[in-house]
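Novice: A single structure is presented below for examination.
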Amino acid sequence: MKKIEKQKNKKKEPEKHEKHEANETQKKKIEKEIMIIIAFMVFALAGVFFVTWLGKHVSTFSYDGMRFSLQKIGDITFYTTTLKIVRNDGVFNYTVYLRNDPRKLENIVVNANLTLKQNVIVAFDPHVDTCPNGGLAGLELGQFFDMLGIRKKVATTSQEVAASTGKMLANCSNATNKTNVILFTQGDASITQQGNCFVVNVSNCQILNSVERFIVVSLGQFIGLSKQKTEEKQGKK
1317 MKKIEKQKNK KKEPEKHEKH EANETQKKKI EKEIMIIIAF MVFALAGVFF
1367 VTWLGKHVST FSYDGMRFSL QKIGDITFYT TTLKIVRNDG VFNYTVYLRN
1417 DPRKLENIVV NANLTLKQNV IVAFDPHVDT CPNGGLAGLE LGQFFDMLGI
1467 RKKVATTSQE VAASTGKMLA NCSNATNKTN VILFTQGDAS ITQQGNCFVV
1517 NVSNCQILNS VERFIVVSLG QFIGLSKQKT EEKQGKK
């Protein structure tokens, strides 16, 4: 009997060993699968953070002293920047909404000091006045003047249009030491200056591009002038 029991015990020992090895193998397999899952989750989270970081940095950029961000409203992508504007009646935060990337408007050559007076006459050549997006361009320009606290009047360079519509008739000769004239006319894309008159030449009826270029350059010069005044005040203290 003792011999039979010993033989049975000898048979059980290899079986236990095999089961132990099988359990260890299964355990290692499970641990490996868990490590793979953890590694995948870590890489996935890292990917999300990277995409978020990349998207944030790609969608913002600096231009002419301003920080622009891309903002999508409906199907329209805007290039926006928020500025602190100091006026006689207070300090205001103003957000500029552009439909064009300001960096891509540099083909419109600017040879002017766009420091504006408190009164502005915006005069349109009839050919430019009928351009597509003319209404939108006029709206953006009007909002820009309102933001700066500038009083504005709209005029035409055509006597016929003035007579038929009752619009004010104006050109560069109406500019004074207290009033700027901004004259929109056809020509190679550029912005030039004749005394207190700014001539905005619009190419291929792209008036919105010209208006937004005018706004960006004017704001850039405004910011530069504000910084200069602040530095001068600090230097006197």
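For the sequence shown, the numbering used here assigns the number 1317 to the initial residue and increments by one for each residue that follows. No residue lacks a Cβ here, since even glycine has one placed at the ideal position from N, Cα and C.
1. Is I1353 buried or exposed, if buried means 16 or more other CB atoms sit within 10 Å of its CB?
2. With three or more beta-carbon pairs closer than 8 Å as the criterion, would you say the region 1486-1497 touches the region 1449-1458?
3. Taking only runs of the beta strand (DSSP E) that begin and end inside the region 1483-1518, which ones reach a length of at least 3 residues, in chain order?
4. Among G1390, R1419, L1386, A1505, which has the Cα closest to the Cα of T1397?
5. Which residue spans inside the region 1421-1470 form an unbroken beta strand (DSSP E) run of at least 3?
6. Y1410 by DSSP, collapsed to three states: which one?
7. Let's see if you can read the secondary structure: which residues bound the alpha helix (DSSP H) around T1481?
8. Report the three-state DSSP secondary structure of W1369 (helix, strand or coil).
9. Looking only at its chain, what residues have a beta carbon closer than 7 Å to the beta carbon of K1468, apart from the 5 residues adjacent to it on each side?
10. Between the beta-carbon of I1523 and the beta-carbon of V1425, is there less than 8 Å?
11. Give the secondary structure of S1534 by DSSP, where H, G and I count as helix, E and B as strand, and everything else as coil.
12. Using the rule of at least 16 other Cβ atoms within 10 Å of the residue's Cβ for burial, across every protein chain shown, is V1532 buried or exposed?
13. Let's see if you can read the secondary structure: which residues bound the beta strand (DSSP E) around S1385?
14. Reducing DSSP to helix, strand and coil, say where S1526 ends up.
15. Taking all protein chains shown into account, decide if G1371 is buried (16 or more other Cβ within 10 angstroms of its Cβ) or exposed.
16. Taking 8 Å as the cut-off, does the region 1525-1539 touch the region 1496-1509 (at least 3 CB pairs, one atom from each stretch)?
17. Within 10 angstroms of the Cβ of P1418, are there 16 or more other Cβ atoms? Answer buried if so, exposed if not.
18. Counting Cβ pairs closer than 8 Å, one from the region 1394-1408 and one from the region 1479-1486, do we hit at least three?
19. Verify whether the separation of the beta carbon atoms of V1518 and T1508 is less than 8 Å.
20. Let me know the secondary structure DSSP gives R1403 once reduced to three states.
Specialist: Looking at the coordinates:
1. Exposed, by the Cβ-count rule.
2. As far as the Cβ criterion goes, the region 1486-1497 does not touch the region 1449-1458, which means the pair count is below three.
3. As for any beta strand (DSSP E) of minimum length 3 sitting wholly inside the region 1483-1518, the runs are 1495-1502, 1506-1510, 1513-1518, ordered along the chain.
4. Nearest option by C-alpha distance: L1386.
5. DSSP runs (the beta strand (DSSP E)) wholly in the region 1421-1470: 1425-1427, 1435-1440.
6. When secondary structure is reduced to three states using DSSP, Y1410 falls in the strand class.
7. Where T1481 is concerned, the enclosing alpha helix (DSSP H) stretches over 1475-1481.
8. Note that W1369 has pLDDT 46, beneath the 50 cutoff, so the model's placement of it is unreliable and the number below is only indicative. In the structure shown, W1369 adopts helical secondary structure according to DSSP, grouped into three states.
9. So the list reads V1436, V1438, G1458, F1461, once near-sequence residues are dropped.
10. For I1523 and V1425, no; Cβs fall outside 8 Å.
11. It is helical.
12. It is buried - the Cβ of V1532 has at least 16 other Cβ atoms within 10 Å.
13. 1382-1389 is the span of the beta strand (DSSP E), which, as asked, contains S1385.
14. Helix at S1526.
15. Low confidence applies here, because G1371 scores a pLDDT of 47, under 50, leaving its location unreliable and the question unanswered by this model.
16. Flag = yes, the region 1496-1509 and the region 1525-1539 touch.
17. With 16 or more other Cβ atoms from the protein chains shown falling within 10 Å of its own Cβ, P1418 counts as buried.
18. Output reads no: the region 1479-1486 does not touch the region 1394-1408.
19. Not a contact, by the Cβ cut-off of 8 Å.
20. Here R1403 sits in strand by DSSP.
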